[in-house]
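Right, one structure below, let's go through it.
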Amino acid sequence: MSSTTLKTVLSLALAATVAALPPSSPKSLGWGYPGKEFTDCLKAKNVTFRVQSDPEYAALALTYNERLQYKPAVIGTPFSVQEVIDSVKCAAKCKIPIQPKSGGHSYASYSTGGRDGIFMIFLENFHDVKLDTTTNIAAVGGGVRLGNLAQGIYDQGKRALGHGTCPGVGIGGHFTHGGYGYSSRALGLAIDQIVALDVVLANGTAVHASETSHPDVYYAMRGAADAFGIVTTFYLQTSPAPEEVVNFSYSFPNALASVGSAVSALEGLQAFSLNASVVDGRLGVGLYVDSGPAFLVRGTWFGSLADFNASIAPALLSAIPSAPASITVDRTDWITSLIQLGGAPNLTVPLYGYNARDNFFAKSVTTTMAFPDNALRSFFQYIVDKGLNGKAPVSWFSIINLYGGPGSVIPTHNENFAAYSGHDDLWVIQNYGFVPQNQIYPDAGIGFINGLNDAMTDKLTEFGAYLNYVDPTYSAAESYKLYYGAELYNRLRKLKAAIDPLNLFSNPQSIR
């Protein structure tokens, strides 16, 4: 379904509800931009902060997506929970909207507000990782990055968590908006491993939220945290790190020689992925396609190399019609597997001054159903016609990852468990266009990625989108429909009215 068509099929009740709400700019509800009253309040409470004239401001305001750089009016850099509390109290008193920044990897740069003039609270000083070796629950600061998290819990007790592969991604948005990695079919999405949270709310109180304490906060923060509060500490249930992991990659560049060969290859991968006689939760697998032309089937296996070679490899290769041009299969340990997947020399990243960036626009498609033939033909027809041989206006790639399927633990949860609508997704697609840094990302590049998305959704009877690949071009109504659905959105809207009635925590697509 195209973006234009989608607007016509949104629930009338949802659309009407959203239309009646005030816009999410700092001036909504009569709110203003931070001024002397606000900074005086912060000073009086000894809150650490920077304004635009300070030399440290520019580095603190940077976000991963160079295409979307906004200017917070004030940046808080608290060292304690009390500073976060006082920051929120001053913002509420002066009616200044807030967004927390954990790692700054929001695809829409929502960690800096998604617009100029907000109060950004940067949690980089909350970087402790402490594993309780009795409960195997890790207490993790709200500013910790994934690489430091993974290395920390392994060093303290040879423990693991299911999460993404980029070491520099911050825990905040990743864990509260889903959080997928190849290990997720075995260990769960990142969001599923949160057993409690320390949260500062809009009224300036700090609460410990769990299934039994402040359960509404616990529920809402797992799926829509950007609209409800600031997590200062995550409590995460870890799992034993696997002793042996197989990282694999099979290259089939000839699959993109024609639409038919590409469709056959992905249909073969899909048939393999749904074969319960071979596949279980120990397998993480996905497809990577780009203009190279690259057609890579890659993933991880939580088991022995002997078992992989005896069952997984032959079943996979027999399902895909063409022979691979190259094969990489590595027997590794858990940490080495993560290092290889992360593409860096090691997992740990600096606690301060992280400055990795990209210049991009991305979209996503989620579906609970197996891909139908006509959707795959439409998708690859678009790629062959417009994405190869230098035809695309930007560099691009698509990643199609298996979430559900035989043995996956992801579908064992639903919307009653957390405010996240994607537990029943079978496949999730990320479509990503990029240009070199310090260049202007062209409008044609946005059109190209929109078209690539539409080529798939035009042929699907149901689909959604994934919050960690957030698309800022969606209207609020579209985003609520795609990321949450009408029922979950309405449940969250009621919680928002009770927990943050002034919409203190807000961005252009946050619950309100």
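Numbering-wise, the sequence shown is residues -20 to -1, 1 to 492 according to mature numbering (1 follows the signal peptide of the UniProt record, and there is no 0). In this text, a Cβ means the ideal position worked out from N, Cα and C, and glycines have one as well.
| Query | Result |
| --- | --- |
| Contacts around Asn433, its chain only, beta-carbon distance under 7 Å, and the 5 residues preceding and following it disregarded | Lys343, Val345, Asn411 |
| C-beta atoms of His85 and Val149 nearer than 8 Å | yes |
| Gln250 - DSSP class collapsed to helix/strand/coil | helix |
| Beta-carbon proximity list for Pro58, same chain, < 7 Å, skipping 5 on both sides | Val27, Thr28, Val64, Ser67, Ile101, Asn105 |
| Beta-carbon contacts of Ile429 that lie in its chain and below 6 Å, excluding the five residues immediately before and after | Phe341, Lys343, Asn411, Gly413 |
| C-alpha distance - Asn354 paired with Ala435, whole-angstrom precision | 10 Å |
| Cβ shell of Leu482 (< 8 Å), same chain only, five flanking positions each side left out | Leu9, Ala72, Lys75, Ala182 |
| Reduced DSSP secondary structure (H/G/I, E/B, other) of Tyr412 | strand |
| Expected contact under 8 Å - CB spacing of Pro147 and Gly127 to nearest Å | 3 Å |
| Anticipated Cβ contact below 8 Å, Asp196 with Ile479, distance rounded | 7 Å |
| Neighbourhood of Ala245 by C-beta, 7 Å cutoff - its chain only, sequence neighbours within 5 removed | Phe232, Ala235, Phe275, Ile300, Pro301, Ser302 |
| Complete beta strand (DSSP E) runs within the segment 199 to 285 (minimum length 3 residues, chain order) | 210 to 217, 225 to 231, 263 to 270, 274 to 281 |
| Given 8 Å, three or more beta-carbon pairs between the segment 327 to 340 and the segment 263 to 282 | no |
| Contact set for Val415: own chain, Cβ-Cβ below 6 Å, skip 5 residues either direction | Asn339, Val374, Tyr421 |
| Buried versus exposed, by CB contacts within 10 Å (16 or more), His79 | In the sequence as presented, His is not what sits at residue 79; that position holds Gln. Buried. |
| The segment 133 to 148 in contact with the segment 163 to 177 per 3-pair CB rule at 8 Å | yes |
| Neighbour-count burial assignment, Pro35, 16 or more Cβ in a 10 Å radius | exposed |
| Which listed residue (Ile133, Gln136, Thr213, Arg471) has its alpha carbon closest to that of Phe155 | Thr213 |
| Segment limits, alpha helix (DSSP H) that includes Ser67 | 61 to 74 |
| Strand pairing of Gly83, partner residues [DSSP] | Per DSSP, none; premise fails for Gly83. |
| The ligand SAH heavy atom lying under 7 Å from the CB of Ser89 | The ligand SAH is absent from the structure shown, which contains no ligand whatsoever. |
| The beta strand (DSSP E) enclosing Asn326, as first and last residue numbers | Per DSSP, Asn326 belongs to no beta strand (DSSP E) and is neither H nor E. |
| Span of the alpha helix (DSSP H) around Met100 | First-last for Met100: 99 to 102, but that is the beta strand (DSSP E), not the alpha helix (DSSP H). |
| Of the residues Gly121, Tyr362, Gln131, the one placed nearest Ile319, counting alpha carbons only | Gln131 |
| As assigned by DSSP and simplified to three states, the class of Arg311 | strand |
| Continuous beta strand (DSSP E) stretch holding Ile174: start and end | 174 to 180 |
| Reduced DSSP secondary structure (H/G/I, E/B, other) of Val54 | strand |
| Leu111 in three-state terms, based on DSSP | strand |
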